[in-house]
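Novice: Reading the sequence shown from the start, the letters are residues 0 to 184 in numbering that gives the first Met the number 0.
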Amino acid sequence: MSAPSQQATGLATWKIDPVHSDVEFAIRHMMVSTVKGRFSDVTGTISFDPADPTTGSVEVSMSVASVDTRTEARDNHLRSGDFFDVERFPAITFQSKRVERGRGERYHVVGDLTIRDTTREVTLDAEFFGTHPDPYGNVRAGFSASTSFNRSDFGLNYNAAIEAGGVVIGDSVKVSIEIEAVQQK
């Protein structure tokens, strides 16, 4: 028998649980397929009242060195100056500006995404799954979010032309986020 759902209330700070959270991306390759990857080192905090998530704010950092596309040579190329330039810009960050209510438990989290030395406003389409106690005396919250942006807007311009026409790497990046966060006491 599972524990009854416990609804946390009041403005609180929640720490992202990196073991139970994922930030994944997808981009077109050779104009015919999609390559996916993820950042395995994600940290940050979310401050909000579960009774009114529009009171919230989000601050997230992803270590660029943790990029994983399941191909070491590609990961090393992504870490290089052609793409993320991990030596000069070790993290990708997101800092929310506001949270707007959508339908049901859906929200629009508007904030600044910084990749390399470029910051642009993006909107995350997010869903709040509620809160629940864990077996260790903590309360956890769950979220899912997605967005897309053009990598060229962030100075990620590296590409190569395909002889038959087109380019090797698409410009549009789709991002999928799954977050589990632990309420701080």
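Beta carbons are placed, not taken as given, at the ideal position from N, Cα and C, and that holds for glycine.
1. Taking only three categories from DSSP, how would you classify Asn-75?
2. For Ser-95, report the span of its beta strand (DSSP E) as first-last.
3. Rounded to the nearest angstrom, what separates Val-174 and Ser-143 at their Cα positions?
4. I need the straight-line Cα distance from His-28 to Val-166, nearest angstrom please.
5. From this set, Ile-168, Leu-10, Val-109 and Glu-179, which residue's C-alpha is nearest Phe-82's C-alpha?
6. I think Arg-115 touches Phe-88, with their Cβ atoms under 8 angstroms apart; what is that distance to the nearest whole Å?
7. Classify Arg-150 as buried or exposed, calling it buried when 16 or more other Cβ atoms lie within 10 Å of its own Cβ.
8. Could you tell me how far apart the beta carbons of Phe-93 and Val-66 are, in whole angstroms, since I believe they sit closer than 8 angstroms?
9. If you drop the 5 nearest sequence neighbours on each side, which residues of the same chain put their C-beta closer than 6 angstroms to that of Glu-99?
10. Given Thr-118, which residues of its chain have a CB within under 6 angstroms of its CB, disregarding the five upstream and five downstream residues?
11. For Ser-20 versus Ala-125, is the C-beta distance shorter than 9 angstroms?
12. Hey, quick one: how far does the beta strand (DSSP E) through Val-181 stretch, first residue to last?
13. Quick one, are the C-beta atoms of Glu-58 and Ser-95 less than 9 angstroms apart?
14. Check whether the Cβ atoms of Val-104 and Gly-129 sit closer than 9 angstroms, and answer yes or no.
15. Ser-46: which of Phe-153, Leu-123 and Ala-11 sits nearest, CA to CA?
Specialist: Answer, in terms of the structure:
1. helix
2. 90-100
3. 11 angstroms
4. 8 angstroms
5. Ile-168
6. 5 angstroms
7. buried
8. With 8 angstroms as the limit, Phe-93 and Val-66 do not qualify as a contact, their Cβ atoms being about 16 angstroms apart.
9. His-107
10. Asp-111
11. no
12. 168-182
13. yes
14. First, the residue type needs correcting, since residue 104 is Glu and not Val in the sequence shown. Contact flag set, yes.
15. Ala-11
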